[in-house]
Amino acid sequence: MPKYAYVGSNMAGEAVKGTYKAGSRGDAEVALYEQELRDLKVTEKVSILQMEITGPRITKAEVMHLSRQMAAFLRAGLPILDAVHSIGAESENSSVRRMMNDIEDGLRSGDRFSDCLDRHPKIFPDFYRGIVRSAELTGELDTVLARLALYLERDLEARRKIKSALTYPLVIAAMSMVTVVVLAVYVLPKFKDFFNDLDAELPLPTRMLLAVTDFLGAFWWALAGGVVLLVLIGWVVLRFDGGRYARDAFLLKVPVLGETIQYALVERFCRVMASMVSAGVNLPDALKVATESLRNRVYIRRLTEVGDSMLEGQGIASPLARTRLFPGSATQMLRVGEETGSLDSQLEVTAEYYEVELDYKIKKLTALFEPAVIITMGLVVGFVAVALVSAMYGVFTQVDV
Numbered sequence: 091m092p093k094y095a096y097v098g099s100n101m102a103g104e105a106v107k108g109t110y111k112a113g114s115r116g117d118a119e120v121a122l123y124e125q126e127l128r129d130l131k132v133t134e135k136v137s138i139l140q141m142e143i144t145g146p147r148i149t150k151a152e153v154m155h156l157s158r159q160m161a162a163f164l165r166a167g168l169p170i171l172d173a174v175h176s177i178g179a180e181s182e183n184s185s186v187r188r189m190m191n192d193i194e195d196g197l198r199s200g201d202r203f204s205d206c207l208d209r210h211p212k213i214f215p216d217f218y219r220g221i222v223r224s225a226e227l228t229g230e231l232d233t234v235l236a237r238l239a240l241y242l243e244r245d246l247e248a249r250r251k252i253k254s255a256l257t258y259p260l261v262i263a264a265m266s267m268v269t270v271v272v273l274a275v276y277v278l279p280k281f282k283d284f285f286n287d288l289d290a291e292l293p294l295p296t297r298m299l300l301a302v303t304d305f306l307g308a309f310w311w312a313l314a315g316g317v318v319l320l321v322l323i324g325w326v327v328l329r330f331d332g333g334r335y336a337r338d339a340f341l342l343k344v345p346v347l348g349e350t351i352q353y354a355l356v357e358r359f360c361r362v363m364a365s366m367v368s369a370g371v372n373l374p375d376a377l378k379v380a381t382e383s384l385r386n387r388v389y390i391r392r393l394t395e396v397g398d399s400m401l402e403g404q405g406i407a408s409p410l411a412r413t414r415l416f417p418g419s420a421t422q423m424l425r426v427g428e429e430t431g432s433l434d435s436q437l438e439v440t441a442e443y444y445e446v447e448l449d450y451k452i453k454k455l456t457a458l459f460e461p462a463v464i465i466t467m468g469l470v471v472g473f474v475a476v477a478l479v480s481a482m483y484g485v486f487t488q489v490d491v
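Taking my numbering, the leading residue of the sequence shown gets 91, the next gets one more, and so forth.
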C-alpha cells in the first residue's frame, strides 16, 4: 500500500507532519481530515528503490494521453481541478501521479493550469506551455488540448515509422557482424595452426583476413582509445553553439537525409505555428516558440532574423522565403494565408501537406539505407566466406599432396 507524507495543523493550530498509508492520495486526505487535521498537503512518498522500479520517466506518449484525457474531461464539463485529480488517481505511472498531484496542489493554491505546467519544463516543452497559456485566456482549453494531443500523436507516429524502417537493416547488420567475429576469431585461427603444422602457406584471402584480425587483437586498445577520444572531442565541440550549428548545417546538406530533415522541420514549424495562432497567440510570440521547438541551430538563427523583419512590418511569408530554408510551395501557401487573413488555417494545410511529403521522404530514405546496409554486410560476410572456403580448399589440397 502506498505511503503518503503529510503536513498540516491540528485543531489547536499546531503544525503536524508525518506519514500515512492509504490506497490513494484521496483516501489519505479523507482519513487525515477525519483525524481533525486541517490545511493538509499530502504527497506520495517513494523510496529511492521504489522510484527506480515504479517511477519511470514521463514519455511523450504519456503527455499525449493525459492531454487527450484532460480535453475529454473539460469538454464533458468537469472542473479542471477534478480532471487533474482523476488523471492522477487513475494513472499507473507513479511519476505521472506525483506530477498531477503537484499540479493539483498548485491549482488549489490559486495558480493557473499553465503556471503549474511551468514547473515541469522537461515534460511540457515551451510551445506546449505557450499554447496552453493562450488557450486559458481565450477559454478554449479543451479544444487546444485536443489539438496538442493530435500533434503529439502525429509526431510519435513519424518517429515510430523511422524506427520500424531502420530496425530490419540494423538487425541484419548486427547479426552479420556477430557472424564475422565468430568466424574470424574462433574458426580461421584453427586453419592457421593447421597450415603451420604442414609448413604450408594459407591462401591470400585467408591471410588478409587474419592480418586484419591480428591487427585488431594487437591494437584494440589504441582503436578503442581513438574512438573514445573522437567521442570526447565531438562531445566538447557540440557543447558550443558553433559546433552544434556546424553539425546541423552539415546534416542539412547530406543528400536525401538533408531534405528529409528539412521537411520534418517545416512540418513541425507549421504545426506549432498553426496551433499557437489559432489559440490566439500573437504572431511574434508564436514565431519565437515555434522556432525554439525546432532545436536546429541553422533554422533558429535564420528564423530569428524573420522575427526582426516581422517587427518591421514585412509580414512572415517574404522573410521566410529569404531564409531559403523553406520550400517555395510552403512560403507560397503562407503568402496566400497572409493575404486572405486565414494564416492559421493555411499553416494547418501546409503542415498536413508536408506531413504527407515527409512520410514519402522517410520511405525514400529507408529504401536507400536498407539495401546499402545489406549490400555492405553482404560484401563483408562474403569476403569472410571466401577466406574460409579458400582455407578449407587449401586443407584438402595439402592432404591430397
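Glycine included, each C-beta is placed from N, C-alpha and C at the ideal position.
Cut-off 7 Å between Cβ atoms - residues of its own chain near residue i, not counting five sequence neighbours on either side
i, result
"Gly348", "Leu341, Leu342"
"Ile143", "Residue confidence for Ile143 is low, a pLDDT of 45 falling below 50, so the modelled location carries little weight and cannot support an answer."
"Ala407", "Thr421, Leu424, Arg425, Glu428"
"Ala239", "Met154, Ser157, Arg158, Ala161"
"Asp117", "none"
"Leu273", "Val474, Leu478"
"Arg250", "none"
"Glu357", "Ala441, Tyr444, Glu445, Leu448"
"Ile351", "Leu341, Leu342"
"Ala376", "Met363, Met366, Val367"
"Leu458", "Val346"
"Ala173", "Met160, Phe163, Leu164"
"Leu355", "Leu384, Asn386, Tyr389"
Cα-Cα separation, residue i to residue j
i, j, result
"Leu131", "Tyr94", "Checking the sequence, you will find Lys at residue 131 rather than Leu. In a straight line, the C-alpha of Lys131 is about 10 Å away from that of Tyr94."
"Thr496", "Ser181", "Residue 496 falls outside the range modelled here, since the chain spans only 91 to 491, and no answer is possible."
"Arg392", "Leu410", "9 Å"
"Ser176", "Ala255", "38 Å"
"Asn372", "Ala105", "47 Å"
"Pro169", "Asp195", "15 Å"
"Val471", "Pro461", "15 Å"
"Leu306", "Leu300", "10 Å"
"Gly280", "Val270", "Per the sequence shown, residue 280 should be read as Lys rather than Gly. C-alpha separation (whole angstroms): 15 Å."
"Ile252", "Ala312", "35 Å"
"Arg209", "Asn191", "12 Å"
"Leu320", "Arg361", "37 Å"
"Ala151", "Pro215", "14 Å"
"Ala248", "Gly468", "30 Å"
"Gly431", "Met400", "16 Å"
"Ser480", "Lys454", "39 Å"
"Gln404", "Arg412", "12 Å"
Own chain, CB closer than 6 Å to residue i, minus 5 neighbours either side, in chain order
i, result
"Gln140", "Reliability of the predicted coordinates at Gln140 is poor, the pLDDT of 48 falling under 50, and the value obtained from them is presented with this limitation in mind. Hits under 6 Å: none found."
"Gly220", "Val379"
"Val327", "Gly333"
"Pro345", "none"
"Thr76", "No answer is possible for residue 76: the residues shown for the chain start at 91 and end at 491."
"Thr456", "Ala255"
"Gly315", "none"
"Lys107", "Val97"
Residue i, buried or exposed, once every other Cβ within 10 Å from all chains shown has been counted against 16
i, result
"Ser157", "buried"
"Thr394", "exposed"
"Asp451", "Per the sequence presented here, residue 451 reads as Lys, with Asp not at that position. So Lys451 ends up on the buried side."
"Asp338", "buried"
"Ile193", "buried"
"Met189", "buried"
"Pro293", "buried"
"Thr296", "buried"
"Val396", "buried"
"Thr381", "buried"
"Asn100", "exposed"
"Arg237", "buried"
"Gly98", "buried"
"Ser419", "exposed"
"Ile465", "exposed"
"Ala308", "exposed"
"Ile323", "exposed"
"Glu119", "buried"
"Phe359", "buried"
Cβ shell of residue i (< 8 Å), same chain only, five flanking positions each side left out
i, result
"Glu495", "Nothing about residue 495 can be reported from this structure: the residues present for the chain run from 91 to 491 only."
C-beta neighbour in chain D for residue i, strict 7 Å
i, result
"Ala179", "Going by chain labels, chain D is absent from the structure shown, which holds only one protein chain."
For this session: Say whether the region 225-236 touches the region 430-445, bearing in mind that this needs 3 or more beta-carbon pairs closer than 8 Å, one atom from each stretch.
Result: no
For this session: Would you mind listing the beta strand (DSSP E) stretches within the region 133-217 that are 3+ residues and don't spill past its ends, in chain order?
Result: none
Problem set entry | 4 or more residues per run - each alpha helix (DSSP H) lying fully within the region 311-353 | 331-343
Exercise. With contact counted as at least three CB pairs below 8 Å, one residue from each stretch, are the region 250-261 and the region 380-392 in contact?
Worked result: The region 250-261 vs the region 380-392: no contact.
Exercise. Can you list, in chain order, the stretches of the alpha helix (DSSP H) that have 4 or more residues and sit fully within the region 368-401?
Worked result: If one requires a minimum length of 4 residues, the alpha helix (DSSP H) runs lying completely within the region 368-401 are 373-382, 387-401, in chain order.
Problem set entry | alpha helix (DSSP H) segments (min. 4 residues) lying fully within the region 214-288 | 216-228, 231-272, 278-287
For this session: Mind listing, in chain order, the continuous alpha helix (DSSP H) runs of no fewer than 4 residues lying wholly within the region 398-463?
Result: You should have 407-413, 418-430.
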